[in-house]
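According to the working numbering, the stretch in the sequence shown is residues 3 to 164, in order.
The block underneath contains the structure these notes are about, expressed in structure tokens.
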Amino acid sequence: MNKEFYLKLYEPFYKDKNKKSFLNIIDKIVTNLIFISFPIFIIIVFINGHGVIRLILSTLIPFMLLSIFRKVFDAKRPYEIFDIKPILNKDTKGKSFPSRHVFSAFVIGTSGLFIYIPYGTLIIILGVLLAIIRVIGGVHFIKDVSVGALIGILSALIGMLI
Numbered sequence: 003m004n005k006e007f008y009l010k011l012y013e014p015f016y017k018d019k020n021k022k023s024f025l026n027i028i029d030k031i032v033t034n035l036i037f038i039s040f041p042i043f044i045i046i047v048f049i050n051g052h053g054v055i056r057l058i059l060s061t062l063i064p065f066m067l068l069s070i071f072r073k074v075f076d077a078k079r080p081y082e083i084f085d086i087k088p089i090l091n092k093d094t095k096g097k098s099f100p101s102r103h104v105f106s107a108f109v110i111g112t113s114g115l116f117i118y119i120p121y122g123t124l125i126i127i128l129g130v131l132l133a134i135i136r137v138i139g140g141v142h143f144i145k146d147v148s149v150g151a152l153i154g155i156l157s158a159l160i161g162m163l164i
């Protein structure tokens, strides 16, 4: 992704204070919805006896492996490479590839599809929205969120089908 293309996505939000504020609020809401709902979903799955151990392992192990990979690979973020100020409140250096937020949404959502389709579908929709926000917000490249989503889906499929 070249700088000109990236700036076309980024600048309309960066230049408008209301859009910038809106993007930050939506990012927080979507992120919190996903991550607050997951422990609640785990409790519901446990109460209903639908394989809570499989659910936890199919999300936790890939999350840990992805976190290690990101730390070792240490890809720079758009705001580091293009020397821009991110729209989202973020100042982390490196660890951009793949997106852990998007990975988490897709591994949770895809795992959720195996247990309760409406929950999984909602989380995947939120994951797509989160991916868009993270790119426009200047903290990830399209490849970061795309690979994060793909690894999340594959991890959940492997974990839930084994």
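All C-beta atoms, glycine included, are put in the ideal place defined by N, C-alpha and C.
| Asked | Found |
| --- | --- |
| Whose C-beta lies closer than 8 Å to the C-beta of I144 among residues of the same chain, with five residues either side of it excluded? | M3, V137 |
| Are V104 and G139 close, meaning C-beta to C-beta below 8 Å? | no |
| With C-beta atoms as the reference, is G111 less than 8 Å away from I126? | yes |
| With DSSP collapsed to three states, give me the class of F146. | Reading off the sequence, residue 146 comes out as Asp, not Phe. In this structure, D146 counts as helix in the three-state DSSP scheme. |
| Under 8 Å, do P80 and V141 count as touching if we go by C-beta distance? | yes |
| Taking G122 as the reference, which of I135, V32, A107, I55 has the closest Cα? | A107 |
| Just to confirm the assignment, what range does the alpha helix (DSSP H) spanning D29 have? | 19-50 |
| Where does R56 sit, in a helix, a strand or coil, going by DSSP? | helix |
| So does the stretch 49-59 actually touch the stretch 73-90, counting three or more Cβ pairs closer than 8 Å? | no |
| Suppose contacts are defined by Cβ-Cβ distances below 8 Å. Is M162 in contact with F116 by that definition? | yes |
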